[in-house]
Ligand SMILES: Nc1ncnc2c1ncn2[C@@H]1O[C@H](COP(=O)(O)OP(=O)(O)OP(=O)(O)O)[C@@H](O)[C@H]1O
Ligand SMILES: Nc1ncnc2c1ncn2[C@@H]1O[C@H](COP(=O)(O)OP(=O)(O)OP(=O)(O)O)[C@@H](O)[C@H]1O
Ligand SMILES: [Mg+2]
Ligand SMILES: [Mg+2]
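Chains as they are written, first to last, in the working numbering: chain A, 30 to 262; chain B, 1176 to 1426; chain C, 1176 to 1426; chain D, 3 to 238; chain E, 215 to 467.
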């Protein structure tokens, strides 16, 4: 049998795969950016116990946690147009590209997961901090922005980092609906050249580099936010 | 002037405050005494709306509100006229000593940052923390944290300051210094309600002493009356334990 | 008998203990006084190997160890001869009051569970917590937690008990009761080192008072000597602040 | 688009039929992850020399590897090398006799070990140092203190994060269909290959997953309330 | 449903047709080394497009299952991924009438194996297949008729060719179901000059592949069928097959 792994093929693959990194990054940036906003809104509804919205978000978060992303992607890719087009007379079914639906899926998914992380972080800050804010005359919003938020960021950072690393990997699902990212590119190189291992190994290296960079960055951010505590690993 | 009337508060079935009323004249210092669990902390918290009272009225200066039905705006108004010193300090963990002290000035009172820093530094100097401006709370000893909390309240120059055991973490030297500070502030005409176990403080600076037990005001009067001539059996009993303790080392 | 010799300990560049030696006879009570940050807590922690001293010797009964080079076995031996009452209680959060008290007996001393429970209940009754056997620490008030910590130390019936401010969270009534308990235990011949800010306690039960400042023992002697006739300027200064405070209300 | 309920129902039944495989793919890695994860977390928190650094590097790097790729590589290695290894060890088993679900379980276990060790490490770090000191002060050894004081407190603290990872594991278990193990998703889409009703198959799988996670979350809540009864507020 | 309607570019009279095909199934539909769509399906469709001036094809790729779901959801008008006909599928989709590839499948085993000749020899043995392929359908039907000692079906999705060869060589699987041309392709790519695999016995099944359309879209179906027929007659289809797959697999093998 032919050699399973060849360095030549490995290096030939690099320029073929690298350009698709931008697709992966775009998904991650959209999902994180809008996901954070959505998560903030969900947490607000939870904390304020807003009627209707709060129970609705509970079911929504449970669904996003409880079902495979693949299915979420399908339901959004095929289900959303089926719901919206007949009502508004639009044709987003064909009008929106596959990648748009991928963005929507990842934003909705991240919103749910990040809301769980943020909620956990906020509720773990001693309530005395809020009370102290009130006692010096800050409004609720001021207390949140100036006292709770900075402390929350520190607590939420490590799980947020794990989540982000996972997001990079999950984004490879989009190949199923025809959006080519680095992982999809590796797969298609496999199909075209009959050798997939080298491409996969290179993609794994990219993922590991990204993951280490994120951890390092977050570790650095964390040390900035220690507020005088002794560093924990 | 601060006046609290007919405050009631229950946690579940436990009636923690059963119709408590307290009245304090401008610039007066009231000390609240009482055994553990008698509702002292809860009373202070109700006054600052950190706890929702079941009923009662509150008047500070010319602001008059119902403790149960106050609007958000009224609550903010009351809170900006008062300051609170917490038993467990509750310093902002993400801010240095100086930032803790100026937070209320800058964000709630909209005083320019420069001016606020100047006042904040004065307040910290005043409580003996001139060298700790830029330390975070977790790097301060318990006593130092407590003093930051006190400075944070004083710097606001509010009409009323509520103290919840402000000297529990301090060694005797610092207790003395803190009480000196409180005395000075009383001289400035700020009204104060102080929950404390320090009898010497009650004797020294209080205009009035209130003795609470099981959610009611058992007895109130001038320090002399309460300490030398308590009318109620429960007060007498509480004080006798303390006095027998302390009399040992009156040199 | 417990003897600590030439203990030195630095945190980073700060020399917190500079050659401290303390000697206590069997059944004696030594009170350690001193301002905040003088190294009192650090000294107790070094004795119990909760902090690694930089140098020094320790002898308890017939066990003699080097504080820096002690083996694991020696450390365990010392720890089983001593008990520690923490300033912030440090009760086992996952165990009830009774379980907290018997943990050392059952797991470290291998006393049968039945017998341990019997002794544990006695100890809790003794500190006035007869009704709280099965409460978890988070459901106890500060004062109650502190008393569980004291019972947990007493029940081990160790040769030496180390107390770090055992009454800081108690109201004056409870302080009195706790000091009574400590006095009783002293009567049983257990050696005790007590860090405290309660002067009355020092006067009442101490056989010896040690005054520390900035990592050295400034002065030591009988309570009478230290309180009535301190030799060192620093001691005099520290005490004067306190006495001026307390003399106000000796009725 | 038309949703064929008959096909959905058939897929649903197929998914349920292969549910036991998913259970194996989730609970065996979970058990391994909990055991090794706890050991790794303890070694890192209590700073066992050398080991704590090595484990830290391993966990951080391995978390960067997508499970699909790891799985594919293990499977290739398994198919290529198992017979040689078995021959070397004088074991009669051939690669063909080994159910390759074990390759899936192996891959998922490694992932579980890493993520669970992180969850437990976080929980351990949140326990006050005074708890160890109190243990030592009443004469307990280090091991006794960890077993009797630290671990019981770690459990309720770790459960929320842990459940996140278990839910992740449940979903990750579906990637093993890439190496030919039939679990819920692969099972639910078996009829789909005949009828070309794939959407119905996926939705059927999702329903089973969702019900399963809701059950797990409920169990976790009960477990947390039970193990955390010493805490003031077992809910948050 | 109303989803399957074509979008019309009214002024030119040219209708846009969205064609869905796969992205990782060489040599039929895959992305080439540049990342562009390539393969037999693409070449045939391009030729069909040329013959149909009233239509303009546009291509969209996804994986095997999603191509069909997209068709169902009205995202595409035509699905091409070597789809084989059966009755149940016919209920759901509109199949073309004109096959464009034959699909004669055999049992494939390692080159040195002689014990397997027919499905009956596979009882109790392990066969690799993948969900969505017609071979699964055949094997399941066989098992339905012979419930006593069924063939063990290993459903392997998204497997690479490397895995298939390795698994068979190492005895993880006893056999798989392949066309002759796929077997040759595997030998070429991974045999290193040897025939590691061979087909054995009689064909397991002979079928053909068709383009698939949305249920009500007969107009497009008829037009495409007509074009395919023309391509067959002109010999163009056979030529494409030879160029891309390496042999004429359009009529028979
Ligand atoms: N959030 C709460 N939920 C339930 N019970 C409470 C709550 N806060 C206080 N209590 C109960 O109310 C009673 C009064 O509490 P409070 O804190 O006002 O006492 P205190 O007089 O300040 O005592 P201490 O001197 O110990 O601080 C206590 O019995 C306490 O258990
Ligand atoms: N872990 C540590 N790291 C760095 N410095 C420390 C640490 N623990 C104590 N210190 C410093 O050592 C000095 C002595 O601390 P120690 O706790 O022994 O004081 P203390 O006499 O017990 O004071 P207090 O009465 O406030 O409890 C203090 O200045 C403190 O800041
Ligand atoms: Mg209180
Ligand atoms: Mg101390």
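Glycine residues also receive a C-beta, built at the ideal position from the N, C-alpha and C atoms. Owing to the predicted nature of the structure, the values given are computational and were not obtained by experimental measurement.
Burial state of residue i, where buried means 16 or more other Cβ atoms lie within 10 Å
i                       : result
residue 1340 of chain B : buried
residue 1213 of chain B : buried
residue 1346 of chain C : buried
residue 11 of chain D   : exposed
residue 1397 of chain B : exposed
residue 1239 of chain B : exposed
residue 197 of chain A  : buried
residue 1424 of chain C : Residue placement at residue 1424 of chain C cannot be trusted, given a pLDDT of 38 that sits under 50; what the coordinates show is reported in the next sentence. Classification for residue 1424 of chain C: buried.
residue 1372 of chain B : buried
residue 238 of chain D  : Note that residue 238 of chain D has pLDDT 40, beneath the 50 cutoff, so the model's placement of it is unreliable and no number is given.
residue 119 of chain A  : exposed
residue 1322 of chain C : buried
residue 217 of chain D  : exposed
residue 116 of chain A  : exposed
residue 388 of chain E  : buried
residue 222 of chain E  : For residue 222 of chain E, the predicted structure reports a pLDDT of 45, less than 50, and the residue's modelled location is therefore unreliable. The matter cannot be settled from this model.
residue 92 of chain D   : exposed
9 Å Cβ cut-off: residues of chain D touching residue i
i                       : result
residue 96 of chain A   : 173, 207, 208, 209, 211, 212 and 215
residue 1340 of chain C : In chain order: nothing, as chain D lies at least about 14 Å away.
Anticipated Cβ contact below 8 Å, residue i with residue j, distance rounded
i                       : j                       : result
residue 1427 of chain C : residue 1184 of chain C : The question about residue 1427 of chain C has no answer here: the residues shown for chain C are numbered 1176 through 1426.
residue 188 of chain A  : residue 146 of chain A  : 5 Å
residue 438 of chain E  : residue 234 of chain E  : 14 Å between Cβ atoms; not a contact.
Contact list for residue i against chain E, beta-carbon separation under 7 Å
i                      : result
residue 216 of chain A : 238
residue 190 of chain D : In chain order: nothing, as chain E lies at least about 10 Å away.
residue 97 of chain D  : 384, 385 and 386
Beta-carbon neighbours of residue i, restricted to chain D and to distances below 8 Å
i                      : result
residue 308 of chain E : The premise fails here: residue 308 of chain E is roughly 12 Å from chain D at the closest Cβ pair, so nothing lies under 8 Å.
Beta-carbon neighbours of residue i, restricted to chain E and to distances below 9 Å
i                      : result
residue 211 of chain A : Under the 9 Å cutoff, chain E gives no residues; its nearest Cβ is about 11 Å from residue 211 of chain A.
Residues that residue i contacts on chain B, provided the C-beta gap is smaller than 7 Å
i                       : result
residue 1210 of chain C : 1346 and 1348
Partner residues on chain E for residue i, Cβ-Cβ distance less than 8 Å
i                      : result
residue 123 of chain A : 221, 232, 288 and 289
residue 78 of chain D  : 376, 377 and 380
Any C-beta of chain F under 7 Å from that of residue i
i                      : result
residue 229 of chain A : Within the model displayed, chain F is absent; protein chains A, B, C, D and E are what it includes.
Partner residues on chain A for residue i, Cβ-Cβ distance less than 7 Å
i                    : result
residue 2 of chain D : Nothing can be reported for residue 2 of chain D, as the shown portion of chain D is limited to 3 through 238.
Within chain D, the residues that residue i reaches when beta carbons sit closer than 7 Å
i                       : result
residue 1304 of chain C : The premise fails here: residue 1304 of chain C is roughly 17 Å from chain D at the closest Cβ pair, so nothing lies under 7 Å.
residue 103 of chain A  : 201 and 204
Contact list for residue i against chain A, beta-carbon separation under 8 Å
i                      : result
residue 178 of chain D : Correct list: empty, because the minimum Cβ distance to chain A is about 13 Å.
For the segment 1310-1332 of chain C, enumerate the residues whose C-beta is nearer than 7 Å to any C-beta of chain D, in chain order. 1311, 1313, 1327 and 1331
Please list the residues of the segment 1280-1296 of chain B that have a C-beta atom closer than 9 Å to any C-beta atom in chain A, keeping them in chain order. Within the segment 1280-1296 of chain B, the residues whose Cβ lies closer than 9 Å to any Cβ of chain A are, in chain order, 1280, 1282, 1283 and 1284.
Can you list, in chain order, the residues of the segment 152-168 of chain A whose Cβ is nearer than 7 Å to any Cβ on chain B? 157, 158, 160, 161, 163, 164, 165, 166, 167 and 168
Taking contact to mean at least 3 C-beta pairs separated by less than 8 Å, is the segment 75-92 of chain A in contact with the segment 134-147 of chain A? yes
Does the segment 60-80 of chain D come within contact of the segment 145-157 of chain D, defined as at least 3 CB pairs closer than 8 Å? no
What are the residues in the segment 1343-1362 of chain C lying within 9 Å of chain B by C-beta distance? 1343, 1344, 1345, 1346, 1347, 1348, 1349, 1350, 1351, 1352 and 1354
Near-chain C residues of the segment 126-155 of chain D (beta-carbon distance less than 7 Å), N- to C-terminal order: 132, 133, 135, 136, 138, 139, 140, 141, 142, 143, 146, 150, 151, 154 and 155
Cβ-based contacts, 7 Å cut-off: residues of the segment 168-200 of chain A near chain B: 168, 171, 175, 176, 179 and 180
Tell me which residues of the segment 237-251 of chain A have at least one Cβ-Cβ distance to chain B shorter than 8 Å, keeping chain order. none
Select from the segment 1255-1275 of chain B all residues with a C-beta closer than 9 Å to any C-beta belonging to chain A, and list them in chain order. 1255, 1256, 1257, 1258, 1259, 1260, 1261, 1263, 1264, 1265, 1266, 1267, 1268, 1269, 1270, 1271 and 1275
For the structure I just gave you, are there three or more beta carbon pairs, one from the segment 160-171 of chain D and one from the segment 1288-1305 of chain C, closer than 8 Å? no
Between the segment 18-38 of chain D and the segment 102-118 of chain D, are three or more C-beta pairs nearer than 8 Å? yes
Does the pairing of the segment 1384-1391 of chain C with the segment 1199-1215 of chain C give three or more beta-carbon distances under 8 Å? The segment 1384-1391 of chain C vs the segment 1199-1215 of chain C: in contact.
What residues from the segment 52-66 of chain D come within 7 Å of chain A, judged by C-beta to C-beta, listed N to C? Listed by position, the residues of the segment 52-66 of chain D near chain A (Cβ gap below 7 Å) are 62, 63, 65 and 66.
Determine, using beta-carbon pairs with one atom in the segment 157-171 of chain A and one in the segment 1282-1289 of chain B, whether at least three such pairs fall under 8 Å. yes
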